[in-house]
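Residues 2 to 266 in my numbering are what the sequence shown lists, from first letter to last.
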Amino acid sequence: MKNNNLNILGWNINQRCGKSKNHELPKLISEEILSRNVDIFILTEFYLVKNYQSFIDEMEKNNYLIKYSDHKGISNEVLIGVKKHLINDEFSFKDFSKFQCNLLPDFIHVTLGDLNIIGARIKIGSNLKTQESMDKDFLERENQLKTIVNYTSKLDGRILGLGDFNNGRYKDGDSINSYPGVARQYYSYPLILKYFNDYGIEVHTPKELCSWKDQWNNHYKLDHIFAKDIIISDIKYDWDFTKRDDYKKTVGYPDHAILIAEIAF
Numbered sequence: 002m003k004n005n006n007l008n009i010l011g012w013n014i015n016q017r018c019g020k021s022k023n024h025e026l027p028k029l030i031s032e033e034i035l036s037r038n039v040d041i042f043i044l045t046e047f048y049l050v051k052n053y054q055s056f057i058d059e060m061e062k063n064n065y066l067i068k069y070s071d072h073k074g075i076s077n078e079v080l081i082g083v084k085k086h087l088i089n090d091e092f093s094f095k096d097f098s099k100f101q102c103n104l105l106p107d108f109i110h111v112t113l114g115d116l117n118i119i120g121a122r123i124k125i126g127s128n129l130k131t132q133e134s135m136d137k138d139f140l141e142r143e144n145q146l147k148t149i150v151n152y153t154s155k156l157d158g159r160i161l162g163l164g165d166f167n168n169g170r171y172k173d174g175d176s177i178n179s180y181p182g183v184a185r186q187y188y189s190y191p192l193i194l195k196y197f198n199d200y201g202i203e204v205h206t207p208k209e210l211c212s213w214k215d216q217w218n219n220h221y222k223l224d225h226i227f228a229k230d231i232i233i234s235d236i237k238y239d240w241d242f243t244k245r246d247d248y249k250k251t252v253g254y255p256d257h258a259i260l261i262a263e264i265a266f
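See the structure below:
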């Protein structure tokens, strides 16, 4: 793939496997993506709801090639859209949904020449009401992170990954040792930085706002870009979609900010 300047987008669209089977993808999801005219987009917590095929058809009609994982309805999916003019004979797609284990996050991999595009989401447990259950779940999140890092570090070529890492609260100045006695001692944003940086992969996170639940002061920066041999610029969390008249705070409507950036290579 030749050197390019591209616009990218990542978004957790909150379909919540098992809770949104009777829902439909809100029209605002496709409208927000198309209004930005991005070259590559990645959706986490995508799910095969009633109108998922209509969504894919609309994206394809607007010149995107769409690929998504397929867990046959038992898990959230990850979807990647790539502008068709970027596709060449060196395109490939890998879906890992046939491998069911606690070490595997929601994860797919598309290759465009020497560019590896990865969509990922660290899965979380349910009924996390005790310290013991939280500790166990965060240890499993760490194992999922190791899976992503181990896989990604072995790839040839450039790396562009976007995803929801479910890393818990974080504030500037925190380190791996900032969370004694809580579940984040096992898995945290500083740990994500370390694991990727050990392999020369950079993690990029917007400085302003937060990415989940509340855009201001809750310290939840969960959505990140990880990249190698790629220049990342103008990265930000965008919450403007919540100002729409048709937006609702409910399952099936996005509850994460849109992560957008420009890349160059």
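All C-beta atoms, glycine included, are put in the ideal place defined by N, C-alpha and C.
>> I'd like to check one pair, K95 with I109: are the Cβ atoms closer than 8 Å?
In response: For the purposes of this step, residue 109 is taken as the residue at position 108 of the sequence shown. For the purposes of this step, residue 95 is taken as the residue at position 94 of the sequence shown. Result yes, Cβ atoms of I109 and K95 sit closer than 8 Å.
> In three-state DSSP terms, what is L140?
Replying inline: As a first step, residue 140 must be located in the sequence shown, where it is residue number 139. Three-state result, L140: helix.
> Which term fits A228, buried or exposed, when burial requires 16 or more other beta carbons within 10 angstroms of its beta carbon?
Replying inline: Indexing the sequence shown from 1 puts residue 228 at position 227. Buried is the call here.
> When DSSP builds the beta bridges, which residues end up paired with I193?
Replying inline: Within the sequence shown, the letter at position 192 stands for residue 193. Answer is none; I193 lacks a bridge partner.
> Is the beta carbon of L260 less than 8 Å from the beta carbon of S189?
Replying inline: In the sequence shown, counting from the first residue as 1, residue 260 sits at position 259. In the sequence shown, counting from the first residue as 1, residue 189 sits at position 188. No, they are not a contact pair.
> My guess is that V79 and G120 are in contact by the Cβ rule of under 8 Å, so how many angstroms apart are they, rounded?
Replying inline: Sequence index remark: in the sequence shown, residue 79 carries index 78 (1-based). Sequence index remark: in the sequence shown, residue 120 carries index 119 (1-based). V79 to G120, Cβ: 4 Å. Contact.
> Is G58 helix, strand or coil by DSSP?
Replying inline: As a first step, residue 58 must be located in the sequence shown, where it is residue number 57. With the sequence shown as reference, residue 58 is identified as Asp, and Gly is not the correct amino acid for it. DSSP places D58 in helix when its eight states are reduced to three.
> When DSSP labels each residue in this structure, what does V111 get in the three-state scheme?
Replying inline: Translated into positions along the sequence shown, residue 111 becomes position 110. Three-state DSSP puts V111 in a strand.
> How many Å lie between V50 and E25 at the Cα?
Replying inline: Numbered from 1 along the sequence shown, position 49 holds the residue referred to as residue 50. Numbered from 1 along the sequence shown, position 24 holds the residue referred to as residue 25. If you take the alpha carbons of V50 and E25, they lie about 6 Å apart.
> To which residues of the same chain is D175 closer than 8 Å at the C-beta, ignoring the five residues directly before and after it?
Replying inline: Position 174 of the sequence shown, counted from the first residue, corresponds to residue 175. Cβ neighbours of D175 beyond the five flanking positions: S189, Y190, P191.
> Starting from E33 and walking both ways along the alpha helix (DSSP H), at which residues does that stretch end?
Replying inline: Taking the sequence shown and counting its residues from 1, one reaches residue 33 at position 32. Note, E33: alpha helix (DSSP H), 28-37.
>> Rounded to the nearest angstrom, what separates A258 and E91 at their Cα positions?
In response: Mapped onto the sequence shown, residue 258 falls at position 257. Mapped onto the sequence shown, residue 91 falls at position 90. Those two C-alpha atoms are separated by around 32 Å.
> Would the beta-carbon of V183 be found less than 7 Å away from any heavy atom of the ligand MG?
Replying inline: Of the ligands one can find in the structure shown there are none, so the ligand MG has no counterpart to examine.
> If you compare alpha carbons, which of K249, L116, K195, Y53 is closest to N178?
Replying inline: Within the sequence shown, numbered from 1, the residue matching residue 178 stands at position 177. It is K195 whose Cα lies nearest to the Cα of N178.
> Do the segment 133-140 and the segment 60-74 meet, that is, are 3 or more Cβ pairs less than 8 Å apart?
Replying inline: no
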